[in-house]
Structure formats: C-alpha cells, structure tokens
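Comments concern the structure below.
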Amino acid sequence: MKAEIISVGTELLLGQVINSDTAYVARSLAALGIDVQYSSIVGDNSERLTTALTDSFSRADLIVTTGGLGPTGDDLTKETCARLAGRHLVQDKKSLERLKEYFKGRDCGPNQLKQVMLPEGCTVLQNDHGTAPGCAFTTKDKKVVVMLPGPPSELVPMMENYAIPFLSKLTDSIIWSTDIRVYGIGEGAAEERIVDLTENKNPTVATYAKTNEMYVRVTAKASTKKEAQKLCKPMVHEVCNRLGDAVYGIDVESLEEVVVKSLTEQKMTLATAESCTGGLVAKRITDIPGSSAVFHMGAVTYSNDIKTMLLDVPEELLRKKGAVCPEVAAAMAQGVREKAGADFGIGITGIAGPDGGTAEKPVGLIYIGLCDGYSTWIRELNPKNGHIRERSFLRLAAANNALDMLRRRLLGLPDIEVPAFHHERRRQ
C-alpha cells in the first residue's frame, strides 16, 4: 500500500510552527508496513488543497491529511476531501453530543458546530483531547482517506487509539524497528564495521547520524509483530557485537537516561561544575525522572573568582595556566565532588566561541574532568584540522562526552578515542 501525507496549514508554510506531524504519522504508517512515498505541505487555500489532493488520489492508495479540521473559515480539509470524493457532509450525532458536553454552560456557536460536520458514511475518529473529530473513509476508487487534526496533542492520541486500529485492518504485514544507540564512533567508521549487514534485505540495517552522535536501525517486516521482532533479534545482536562498547543502549532515548539508570542501580551520586556548557549536563540529568536520587548538585562557575570560591580551584593555577586547561577541569571535578559529598564529580571548562580563542587555545578547545575520589580522568576536545563548529554544537559535544565518560566509568569500560575531537588521558 502506497501512502501520501498532506499537512494543511499556512503557519507550516511560513515556518511559524514546526511540522512534527508528518514525521510521527510516517513512523506510525511504517510500523504498519505502509510505504509513505510522498508528503507535502499546503496552505489554508481551497484551490491549492484541491490540487494537492487530486495529485495524491492519482498516485497513492492511502491519503492522510493533518490539520484543517477546526472551527474557523480557513479550516477546509473536510470540505475539500468530501467534495472530491463525491460525499456530502452530515452532522455526526455522537460528535455533537461530545461537543455540547465540552461547551456545557457556554455558547456553542455555528463555527464550533462546523467541526462535527463529517463526510457521509465515514468512520469517526474520536478526539479525546480536543473538539474536532477526525474521520476515515474509502472512495469509490478504493482510495482510503484519513483526516487527522493538526495539534500534536490531539493527533498523537487519535492516531494511536483510533486511526491505527482502523488502518491495521487494511494491511497484512507490520514493520518492527529497533534502534541501537551509539556514541564515540563516527557514522562512517561504524558503517565500515557493519557494511555487509547493510546489504541485508529483511531485516534491513541502516546508520543514521544525529548531532554529535548516531544510531543504527534494524528493521524487519513480517505478518505479526512477534515474527518481526524475532527477525530483528539476531541482527541486533550482531550489530552490537561489531560496534562493541560504543553501543550505549537499545531503544533508549539518550545518554543521560543510561547514566541515571546506572547511577541508580549502583546507588551512586553525581555533582557537576560547568563553565562553557552553562549547566547543560545538569539540565539533561535532571530531565530524567528519578534523577533526584542520584544528582546532588550542579554549579555554573563561569568566572575565575567563583571557581576559587565555590570549588577551591587554586588562584595560582588559574593565574599561571588560565581557566581552560586540564588541571582546572580536574580541580573543578574534584572540588564539586567534595563540596556535594557525591561519588562522582564532573568539571567542564572551555572556549565555546564564537570569540575568545587564540592560536594556543582555539575556539572549540574544551577540557572535561571526571573524578571518583580516587582517580581523575581528563578528556580534551579539540577542533580537528582547525575546523571550528558553532557554539551550540561545541556545548552539546562537551555534554555528550561528559556523560559518555561517566557511563564508561560506571560500567567499567575501557577508554576510547572520540572522532573529530578526542584526546583522553588519566591523571592520578
């Protein structure tokens, strides 16, 4: 089954709202074994929407629209789809009752009533988080049309609770994917290790780059979820074997999730002292539920005076070496660990730019210290071949490296060389 997604909304064309709907719907359809071949964005204009829908009817078996189901005059999706399919709009009684209940004690004007006018004979997709129901129907030409609301808070639960059960009846296969999260190895180097696996047909293996990290996706197609998972399992095992300890998790969201889990399991605690990252490591750790049990303290120590006052970084060291050096990163990690009474301390100091660099200490030079009370490790991030990255990338790279350093210590893993930036050495 070939599918097309049409996102409706002038705000999407103007870049005022990020179109996350298409990515979510495409992933959901892929999981059902439905191949998305086209996607487009159309403004709130009946003529242009008619053109987009006419094109999609000519080349797709399934057309999914998002947006344009609301109460305003420029919400035109239902009207346009129904007209092209030769269906009248009729008032859906159950949706009307839900709308009146929603507006109980308030005036429910004609604009609101517009939302419950749906194509005759359609399957109603209930909106549990808003007032505009979705709908689905099959045209005379056997084209399937599914209309969903635009706001993700309404679209996602409608898709999961109503649209997916409807669509699952239309296909005899499902797709299952497993994501293998990797850090400390570049996409090219990773692909070299698994290049023969990427030629496999079912399951397929593909590498994907994210900002400063990557993942490998193993995807299988089968008649049932259980069969697809069974196909994936040996391939996931093989990929993990080849990539080794660069793999930090399977179907996990982030490095910080893995770190918090490991700290919790080992009943250990962490404190951080950050300069150029401005508290990014602390923020990411505390984004994870349950992190309060393992995170003691986070300090943003930008100035030299504060480094000395809060962390006991020696004034003489700062005067002789400057704030950006391995010794200061080590002192910051040691100082924050001792102040917080934590098992681990992380210290980060560097030059994130765009200004402040010199020939000796260029923009992008960052030192990360990790202390466990017995030893202190330093990782140096340095621009490769003089190539300077933007400030946000440098801060993200520093935070990721800090989390990866801690992950490795917690799991007893050996040191690695991080592509593009890395030099690491142990300090006693």
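In numbering that gives the first Met the number 0, the protein residues as written are 0 to 427.
Every residue, glycine too, gets a C-beta built ideally from N, C-alpha and C.
query, result
"DSSP state of Phe165 mapped onto helix, strand, coil", "helix"
"Contact between the segment 350-361 and the segment 310-317 (3+ Cβ pairs under 8 Å)", "no"
"Distance, Ala322 Cα to Asn18 Cα", "42 Å"
"Outcome for Lys224 when other beta-carbon atoms lying within 10 angstroms are tallied against a minimum of 16", "exposed"
"Sub-8 Å separation of Val41 and Ala51 beta-carbons", "yes"
"Span of the alpha helix (DSSP H) around Arg97", "92-101"
"Bounding residues of the alpha helix (DSSP H) (the contiguous stretch that carries Thr263)", "254-265"
"Own chain, CB closer than 6 Å to Asp43, minus 5 neighbours either side, in chain order", "Thr9, Asp73"
"Environment of Asp428 [buried if 16+ CB atoms lie within 10 Å]", "The shown model of the chain, from 0 to 427, leaves out residue 428, and the question about it has no answer."
"Min CB distance Ile17 to chain B below 8 Å", "Going by chain labels, chain B is absent from the structure shown, which holds only one protein chain."
"Run of the beta strand (DSSP E) containing Leu393, from where it starts to where it stops", "Leu393 -> not in any beta strand (DSSP E); alpha helix (DSSP H) instead, spanning 390-410."
"Length of the line joining the Cα atoms of Val280 and Pro156", "32 Å"
"Under 8 Å between C-beta atoms of Thr65 and Gly187", "no"
"Identity of the residue in Lys266, Tyr182, Gly289 nearest Ser253 by Cα", "Tyr182"
"Spatial neighbours of Met213 in its chain, beta-carbon cut-off 7 Å, leaving aside the 5 residues before and after", "Val181, Glu186, Ala189, Thr206, Tyr207"
"Exposure label - Asp171; buried when at least 16 CB within 10 Å", "exposed"
"Proximal residues to Val235 (C-beta, below 6 Å), its chain only, five neighbours per side dropped", "Thr177, Val217"
"8 Å Cβ shell around Asp286 - same chain, five flanking residues per side excluded", "Glu255"
"Rounded straight-line distance, which links the Cα of Gly69 to that of Gln125", "14 Å"
"Distance, Ala339 Cα to Ile174 Cα", "48 Å"
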